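These notes concern the structure reproduced below.
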């Protein structure tokens, strides 16, 4: 139910344009579809990029929402490239708060300059800041960066981080995807509420109670970006080690990214068999089908808030082997709901794969995780954040 006559500003997501129509990646579009139920007018403050017709399948059309207004910012491909647009962001904030009488303003961290919300609006404006990731943590934990690069990247981003800290102290609510970010903010004197990010709805849950595993042919799955921070190289190397004892096992990799060619070369050079690259899967039904035909979900990320893809795997009956990243250690119990492996350790991932090859733990852990993840739905997640009375 809507908060009657309420207006909200969302400084959150990049938007894409094709012709005269605007689009959001389907996950963000799914969030917006729920958010618009709570407000009479939703203003999206977003950088806008062109979209090719061939890419439309993975996006939701914004033009279907009668109560959504798009306020455009310049296209930028990275945080660094956004810096030159700071005064455009500042000017746009001033214009918007003169044009609209916002009841609620929501900024995502690390959306560039979202901290500007601190300086505009009425005293009665309800201010929300939502930490969906931790760039400084990602920089620090990236094993592919030298110590010097870590220091330089950290110093470059630190002013933005400090400005968000200052904005948090004026905000009415601060949310974090995951407990480790809220703990970090608490050490700065900022009270934040950890939430579990989810895109799950009723049709996304599936558990085959009578599933029988072929223990010598277990099917492993990775879904996500193919980049250094996601630890996909660790997963692939762990699978190579595992295959020495279980040569008929398989690994499916779903996703796109800058490491794709490197990973394919790695498969060839190290003669890793039964590895399939499926690319990015836009179609939700196809992705659910892929999830439901695999046994173990492997996730080697170095830094996360609350990884949605892990929840999706659990909701579809997979046993998850993951780094103890973000909210996962606070929400799921090790060796009961999930199996944790060490960061950047193919050897430890391989050992955890072997531990699950007995079969009993696969059934027990997948059922425990499925029961627990049923409480984390998109409706519950977004209602907690956006339904401001």
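In this note's numbering, the protein residues as written are 7 to 395.
For every residue, glycine included, the Cβ atom is placed at its ideal position computed from N, Cα and C.
Quick caveat, the model's predicted, so the values are computed rather than measured.
Backbone CA spacing between residue i and residue j [nearest angstrom]
{"i": "residue 233", "j": "residue 184", "result": "21 Å"}
{"i": "residue 255", "j": "residue 311", "result": "31 Å"}
{"i": "residue 358", "j": "residue 186", "result": "24 Å"}
{"i": "residue 120", "j": "residue 17", "result": "6 Å"}
{"i": "residue 248", "j": "residue 274", "result": "17 Å"}
{"i": "residue 171", "j": "residue 133", "result": "14 Å"}
{"i": "residue 303", "j": "residue 99", "result": "42 Å"}
{"i": "residue 33", "j": "residue 139", "result": "16 Å"}
{"i": "residue 396", "j": "residue 76", "result": "Lying outside 7 to 395, the shown extent of the chain, residue 396 is not represented and no answer is given."}
{"i": "residue 284", "j": "residue 258", "result": "7 Å"}
{"i": "residue 106", "j": "residue 96", "result": "16 Å"}
{"i": "residue 201", "j": "residue 94", "result": "32 Å"}
{"i": "residue 250", "j": "residue 15", "result": "54 Å"}
{"i": "residue 42", "j": "residue 262", "result": "30 Å"}
{"i": "residue 176", "j": "residue 166", "result": "16 Å"}
{"i": "residue 102", "j": "residue 380", "result": "39 Å"}
{"i": "residue 328", "j": "residue 104", "result": "47 Å"}
Same chain only: Cβ atoms within 6 Å of residue i, ignoring 5 sequence neighbours per side
{"i": "residue 136", "result": "114, 181"}
{"i": "residue 260", "result": "229, 284, 287"}
{"i": "residue 116", "result": "141"}
{"i": "residue 178", "result": "132, 133"}
Any C-beta of chain C under 8 Å from that of residue i
{"i": "residue 391", "result": "Protein chain content of the structure displayed is limited to a single chain, and chain C is not contained in it."}
Same chain, Cβ closer than 7 Å to residue i, neighbours up to 5 away in sequence not counted
{"i": "residue 81", "result": "53, 54, 55"}
{"i": "residue 356", "result": "244, 247, 248"}
{"i": "residue 149", "result": "350"}
{"i": "residue 365", "result": "219, 221"}
{"i": "residue 319", "result": "297, 303, 326"}
{"i": "residue 194", "result": "171"}
Per DSSP, the bridge partner or partners of residue i
{"i": "residue 112", "result": "16, 134"}
{"i": "residue 24", "result": "27"}
{"i": "residue 228", "result": "259"}
{"i": "residue 78", "result": "52"}
{"i": "residue 66", "result": "30"}
{"i": "residue 47", "result": "13"}
{"i": "residue 346", "result": "328"}
Cβ-based neighbour list, residue i, same chain, cut-off 8 Å, excluding 5 preceding and 5 following
{"i": "residue 160", "result": "142, 145, 146"}
{"i": "residue 68", "result": "21, 27, 28, 29, 30, 35, 38, 50, 74, 76"}
{"i": "residue 57", "result": "22, 23, 24, 29, 65"}
- Message: I'd like the ranges of any alpha helix (DSSP H) spanning at least 4 consecutive residues and lying wholly in the region 302 to 344.
- Response: 314 to 321, 334 to 337
- Query: Per the contact definition of three or more C-beta pairs closer than 8 Å, is the region 374 to 384 in contact with the region 342 to 361?
  - Reply: Judged by Cβ distances under 8 Å, the region 342 to 361 makes contact with the region 374 to 384, as three or more pairs qualify.
- Item | Ranges of the alpha helix (DSSP H) found wholly within the region 240 to 297, counting only runs of at least 4 | Counting only runs of 4 or more, we get 266 to 275.
- Query: Would you call the region 375 to 390 and the region 349 to 356 in contact, with 3 or more CB pairs under 8 Å?
  - Reply: They do not touch, by the three-pair rule.
- At what residue ranges does the region 166 to 219 contain a whole run of the alpha helix (DSSP H), taking only runs of 4 or more? Within the region 166 to 219, the alpha helix (DSSP H) runs of at least 4 residues that lie entirely inside it are, in chain order, 185 to 192.
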